[in-house]
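Those sequence lines, one after another, are chains V and F. Going by this note's numbering, the first residue of the first sequence is number 14, and it counts up by one from there. Going by this note's numbering, the first residue of the second sequence is number 9, and it counts up by one from there.
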Amino acid sequence: MRVDLQDGFNKDHVELYINGRKRIEAEGVTSRRQLGLALSTELEVPAGTLDVEIRIPTQNLSKTFSVDTPNLGISIRNGEIEIITSGKRFGYA
Amino acid sequence: MNISGQYDGEMTAPTNGLGFLDLRIDVDKRYANSPVMKRVSGDFYQVNKINVPGSPPKVTRVYRESWIVNEPKVKKLNGKIEITGKVTFWKGIHPANTLKITMAEPQDGVTPTCIATFTRAGGQSAVYNCTKKSDAFRTLNLEIDICKSVNADPLLPNWDTSAHPIKPAALPQRVLTIEEAYREAGVVVNIRQKHSVVDDSNPDFETWSDAELHNAMETYFSQIAGPWPKWEMWGLLAGTYEDDSIGGIMFDIAAAFDGAGKAPERQGFAVFRKHEWFNDLIQGQPANDAQAASMRQFLYTWVHEAGHAFNFLHSWDKNRPDALSWMNYDWRYDSTNGPDSFWSHFEFRFDDEELVHLRHGNRSAVIMGGDPWGSGGHLEAPPGAEHLAAPPGAMASVEGEQPVELLVRSKEFFEFMEPVSIELRLRNLFTDLPVKLDTRLSPEYGGVVIYIRRPDGRILEYSPVMCKLSPTHTKELTPLAFDQQPGPDRYSEEVLISYGRYGFYFDVPGEYHVRALYQGAGDILIPSNVHRLRVGTPMTRDLDLTAQDYFSYEVGMNIYLDGSRSQHLEKGFDLLREMSEKHKKSLLGAKLSMTVANGLTQPFFEVVKKDEYLKLSQAYKAEPREALKLTEAAVDLYRKTREKSLNLSYRQLVSQRVDCLVALERPQAAVKELDQLHKDLTRTGANAPVLKQISDLSDTIGATPAHKIEQYHTRHRLWDRVRTHDQLATKKPSKRPRKKSSKKTSRRR
Chain V
14 MRVDLQDGFN KDHVELYING RKRIEAEGVT SRRQLGLALS TELEVPAGTL
64 DVEIRIPTQN LSKTFSVDTP NLGISIRNGE IEIITSGKRF GYA
Chain F
9 MNISGQYDGE MTAPTNGLGF LDLRIDVDKR YANSPVMKRV SGDFYQVNKI
59 NVPGSPPKVT RVYRESWIVN EPKVKKLNGK IEITGKVTFW KGIHPANTLK
109 ITMAEPQDGV TPTCIATFTR AGGQSAVYNC TKKSDAFRTL NLEIDICKSV
159 NADPLLPNWD TSAHPIKPAA LPQRVLTIEE AYREAGVVVN IRQKHSVVDD
209 SNPDFETWSD AELHNAMETY FSQIAGPWPK WEMWGLLAGT YEDDSIGGIM
259 FDIAAAFDGA GKAPERQGFA VFRKHEWFND LIQGQPANDA QAASMRQFLY
309 TWVHEAGHAF NFLHSWDKNR PDALSWMNYD WRYDSTNGPD SFWSHFEFRF
359 DDEELVHLRH GNRSAVIMGG DPWGSGGHLE APPGAEHLAA PPGAMASVEG
409 EQPVELLVRS KEFFEFMEPV SIELRLRNLF TDLPVKLDTR LSPEYGGVVI
459 YIRRPDGRIL EYSPVMCKLS PTHTKELTPL AFDQQPGPDR YSEEVLISYG
509 RYGFYFDVPG EYHVRALYQG AGDILIPSNV HRLRVGTPMT RDLDLTAQDY
559 FSYEVGMNIY LDGSRSQHLE KGFDLLREMS EKHKKSLLGA KLSMTVANGL
609 TQPFFEVVKK DEYLKLSQAY KAEPREALKL TEAAVDLYRK TREKSLNLSY
659 RQLVSQRVDC LVALERPQAA VKELDQLHKD LTRTGANAPV LKQISDLSDT
709 IGATPAHKIE QYHTRHRLWD RVRTHDQLAT KKPSKRPRKK SSKKTSRRR
């Protein structure tokens with residue numbers, strides 16, 4: 014699964030858990046405004062629906078959800094975590 | 009025939025030819041598939057005209073400021089058109105202004121003309137006679153270079169809007185290219201014919217970083233040199249970006265936004281041909297939907313990236329996530345509106361707010377190399393970015409040959425807290441035509457405006473603490489023949505810009521850019537180069553702690569006033585004295601010692617209340633001995649540093665010391681210091697006239713009888729006397745035989 018940390022990150026600490034296991038821990042995550050992207054990474058995950066938890070302690074935010082698509086986009090907008098999922102890979106310009 | 013488009017023309021009243029107007033009228037349909045924005049906007053230019061005997065005058069235009077009229081009223085009656093509205097300037101404070109445009113109804117085969125009258129509250133009017141130039145509003149030159157690894161057709165997009173089945177039902181069929189997409193938006197894009205090929209065949213090279221893209225732009229972009237801003241843009245068709253999910257990028261953004269570039273920004277972008285978006289790209293008619301979608305995406309990426317260079321943010325960053333615009337992402341739109349909904353509704357255009365920015369926005373917010381990306385004080389500016397927009401005048405640029413050069417220079421590195429001074433130099437660029445100019449270069453006289461771009465990207469106008477009124481100091485800068493030594497063709501002054509009305513301007517470490525605008529007595533406008541300087545970080549914790557006391561009103565005013573013994577500024581004077589002693593081995597200490605010594609060189613009088621009267625009373629006597637002692641280390645340091653950019657400061661220091669030596673009736677010591685200065689400046693390559701002034705002064709002091717020496721002991725600093733001497737010297741007939749001037753006036757670079 015490809016995980017893209019997209020908009021609204023500003024020097025944030027980000028943790029991502031898949032099926033209860035920490036898969037991403039990143040410091041200083043900052044979105045590049047001219048792309049709408051902070052970080053893009055490919056993760057090996059088991060087939061089927063996945064339980065995902067994203068924690069952003071620097072903004073006191075967290076969210077738990079299920080995903081069954083190969084592409085996951087995570088943004089922070091108006092103080093909330095927003096999720097976009099897609100069968101197609103996200104592209105940026 | 010339509011009214012809308014770009015017009016331009018000269019001022020006819022109140023002063024014929026003094027101004028020039030670039031006018032954009034957007035009130036009726038001007039082009040197919042191009043919405044009307046109901047705006048009129050324009051840019052004012054000052055026209056500099058230098059009369060040349062026997063030849064046409066030399067004319068240059070310098071951009072001044074921009075304005076807009078929202079929702080103008082258009083009346084048509086008896087074949088006449090009248091457009092009226094309230095003028096809003098993008099920057100600065102202006103009295104209320106109204107605009108009235110009158111013109112005959114356009115007829116086929118006749119170029120439309122109009123009269124634009126601006127009337128200020130109070131009744132004064134400025135009138136411009138304008139002629140239509142284009143049915144678009146702006147013109148851009150786009151240079152596109154191609155990487156060798158992707159140098160295969162199609163290099164540029166060519167999209168038939170009917171080629172893909174997912175499209176708006178009523179979408180007009182047409183073929184869109186970069187040029188056509190922007191023509192519809194209101195900009196003529198001229199793609200330069202020549203495409204350089206960037207050799208990316210090195211086997212160790214795989215993907216592009218921002219820094220490499222920026223470097224490639226600086227290497228290959230034929231228009232990168234010369235003054236910015238300008239309507240020039242660079243696009244690179246490259247292979248793969250370091251993050252392969254990125255299909256295109258406008259990389260020319262200052263470090264504050266995580267970009268690779270430095271100011272000027274928004275000059276270039278790249279499109280990555282090896283991105284998976286373009287896997288199905290073919291030359292010619294697409295044979296299937298995948299090939300059509302690939303070409304559609306190719307067009308989208310080129311237009312989108314160029315849009316960033318016009319200072320567009322993404323749609324969602326402007327609180328318009330549902331905008332059907334070149335600046336939105338299809339998958340972002342689809343995430344809230346349903347699969348394929350973007351391409352089902354997108355009409356291949358920018359949204360209305362973007363069109364207003366592109367066509368009518370403040371010139372510095374739109375033009376490449378103008379305001380930093382993501383700023384501009386416009387609808388396109390994100391919240392909180394307004395402070396990054398440039399004040400009016402900061403983006404002034406010259407069109408045509410410049411008769412006079414205004415050069416800003418200084419040393420490139422200043423220690424933290426070291427007072428920042430710049431040299432402003434005027435130079436006649438003609439070879440056989442004298443130019444008369446007002447030489448009051450201090451911003452206090454209002455003839456020069458200085459802009460400072462701080463490390464955070466903000467551009468501030470330097471505001472002096474004081475405003476001074478005086479008659480103009482006109483000096484004729486004579487043309488310099490090719491066999492002549494530089495000197496009479498130029499005039500320099502050192503101007504302190506550390507402290508002004510709003511405090512310290514260089515109070516944080518980092519990179520600063522300084523630019524000046526010379527307006528003299530108001531009849532000419534000359535922008536300078538952009539001068540880069542750096543302020544270092546405090547080298548010790550002690551120095552860092554001192555900053556708390558240093559960046560204060562008392563110290564700032566002492567620096568501004570060049571040393572003051574006022575009881576109200578005593579704290580600042582004492583701190584500078586202590587610091588000059590503590591840091592005497594550095595330029596910081598040298599400069600501060602000059603400030604303190606200057607305060608000691610002269611007696612100080614203060615107003616005291618005596619009975620019912622206010623009376624001037626001497627608070628401090630001059631202390632020339634102390635001043636000499638304080639600046640000994642500074643002289644040593646300047647001598648050892650031997651840097652040409654310090655010549656003016658060094659000369660000031662010695663002038664100050666000579667003042668003291670003369671006051672102490674030690675003329676021979678003064679002569680010795682002047683001779684040493686002459687020797688040192690000769691070594692650093694000072695101009696012959698400067699050296700002559702020093703040796704003349706040395707001779708004058710050396711030859712003055714001791715009983716007359718007191719005439720030098722005035723409240724004027726020797727620095728001012730050097731200038732007086734300079735003026736006297738220029739009155740003497742030149743011993744050098746003058747070269748006969750040719751009839752043709754030429755310009756030297």
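Yeah, the Cβ is synthetic: ideal placement off N, Cα and C, and Gly gets one too.
Applying the 10 Å Cβ sphere with the 16-neighbour rule, what's the burial state of Arg755(F)?
Since pLDDT at Arg755(F) reaches only 38, below the 50 mark, its modelled position is unreliable, and the value read off the structure follows with that caveat. Exposed, because fewer than 16 other Cβ atoms sit within 10 Å of the Cβ of Arg755(F).
Note down, in chain order, all residues in the region 293-322 of chain F with a beta-carbon under 9 Å from any beta-carbon belonging to chain V.
Gln305, Tyr308, Thr309, His312, Glu313, His316, Leu321, His322
Listing by chain order, which chain V residues have their CB less than 8 Å from the CB of Trp285(F)?
Gly104
So if I threshold CB-CB distances at 8 Å, which residues from the region 320-353 of chain F count as touching chain V?
Leu321, His322, Trp324, Asp325, Tyr337, Trp339, Arg340, Ser343
Excluding the 5 residues preceding and the 5 following Leu18(V) in the sequence, name in chain order all residues of the same chain whose CB lies nearer than 7 Å to its CB.
Val27, Val42, Ala51, Leu52, Ile87
What did DSSP end up calling Val48(F) once you bin it into helix, strand or coil?
Strand.
Under a Cβ-count criterion, where at least 16 other Cβ atoms within 10 Å of its own Cβ denotes burial, should Gln735(F) be classed as buried or exposed?
Because the pLDDT of Gln735(F) is 38, which lies under 50, any placement of that residue in the model is unreliable, and the number read from its coordinates should be weighed accordingly. Exposed is the label assigned to Gln735(F), since fewer than 16 other Cβ atoms lie within 10 Å of its Cβ.
Using a Cβ-Cβ distance cut-off of 8 Å, determine whether Met111(F) contacts chain V.
For Met111(F), the answer is no, since every Cβ of chain V falls outside 8 Å of its Cβ.
Nearest CA to the CA of Thr20(F): which residue from Glu240(F), Thr110(F), Arg182(F), Asn137(F)?
Asn137(F)
Between Arg304(F), Pro451(F), Ala524(F), Asn149(F), which has its C-alpha nearest Ser478(F)'s C-alpha?
It is Pro451(F).
Could you please give me the residues that DSSP links to Pro535(F) through a beta bridge?
Per DSSP, the beta-bridge partners of Pro535(F) are Leu525(F).
Look up Ala331(F) in the DSSP assignment and say whether it is helix, strand or coil.
Of the three classes helix, strand and coil, the one that applies to Ala331(F) here is coil, per DSSP.
Counting contacts by CB-CB distance shorter than 8 Å, is Ile67(V) in contact with chain F?
no
Can you confirm whether Met225(F), when its beta carbon is compared against all beta carbons of chain V, has any partner nearer than 8 Å?
no
With distances taken from CA atoms, which of Ala60(V), Glu55(V), Ile69(V) is nearest Val80(V)?
Ala60(V)
Against Ile261(F), what residues of chain V qualify as contacts under a CB-to-CB distance less than 7 Å, listed in chain order?
Gln47
Whether or not the region 168-186 of chain F and the region 292-311 of chain F are in contact is what I'm after, with contact meaning three or more pairs of Cβ atoms, one per stretch, closer than 8 Å; do they touch?
yes
Determine the extent of the alpha helix (DSSP H) in which Met565(F) is found, giving its start and end residues.
561-568
Just how far apart, CA to CA, sit Gly27(F) and Ala224(F)?
39 Å
First and last residue of the alpha helix (DSSP H) that includes Glu220(F)?
218-228
In its own chain, which residues sit with a C-beta less than 6 Å from the C-beta of Ile69(V), not counting the 5 before and 5 after it?
Asp25, Val27
Please confirm if Ser79(V) has its CB atom under 8 Å from at least one CB of chain F.
no
I need the straight-line Cα distance from Ile532(F) to Glu409(F), nearest angstrom please.
13 Å
May I have the straight-line CA-CA distance separating Gly50(F) from Leu29(F), to the nearest angstrom?
7 Å
Does any CB atom of chain F fall closer than 8 Å to the CB of Ile97(V)?
yes
Would you mind reading off the limits of the beta strand (DSSP E) that contains Arg36(V)?
34-42
Are there 16 or more other CB atoms within 10 angstroms of the CB of Met602(F), so buried, or fewer, so exposed?
buried
Could you tell me which chain V residues have their CB closer than 7 Å to the CB of Asp251(F), listed as they occur along the chain?
Ser53
Return the first residue and the last residue of the alpha helix (DSSP H) that Gly315(F) is part of.
297-317
Within the same chain, show all residues whose beta-carbon is closer than 7 Å to that of His724(F), passing over the 5 residues directly before and after it, in chain order.
Only weak support exists for where His724(F) lies, its pLDDT of 42 falling under 50; the coordinates are left without a value.
Could you check how far apart the C-beta atoms of Lys76(V) and Ile94(V) are, in whole angstroms? I think they sit under 8 Å.
Yes, they are in contact, since the Cβ atoms of Lys76(V) and Ile94(V) sit about 4 Å apart, within 8 Å.
Output needed for Pro272(F): all residues of its chain with C-beta closer than 6 Å, excluding positions within five of it in sequence on either side, in chain order.
Trp236, Gly377
Whole angstroms is fine: what's the gap from Met565(F)'s alpha carbon to Val456(F)'s?
21 Å
Going by DSSP, what residue range makes up the beta strand (DSSP E) through Ala112(F)?
Start and end: 105-112.
Among the candidates Ala635(F), Lys141(F), Pro675(F), Glu673(F), whose CA atom is the shortest distance from the CA of Leu661(F)?
Ala635(F)
Keeping to the same chain, check which residues put their C-beta closer than 8 Å to that of Arg462(F); ignore five residues upstream and five downstream.
Leu468, Tyr513, Val516, Gly518, Tyr520
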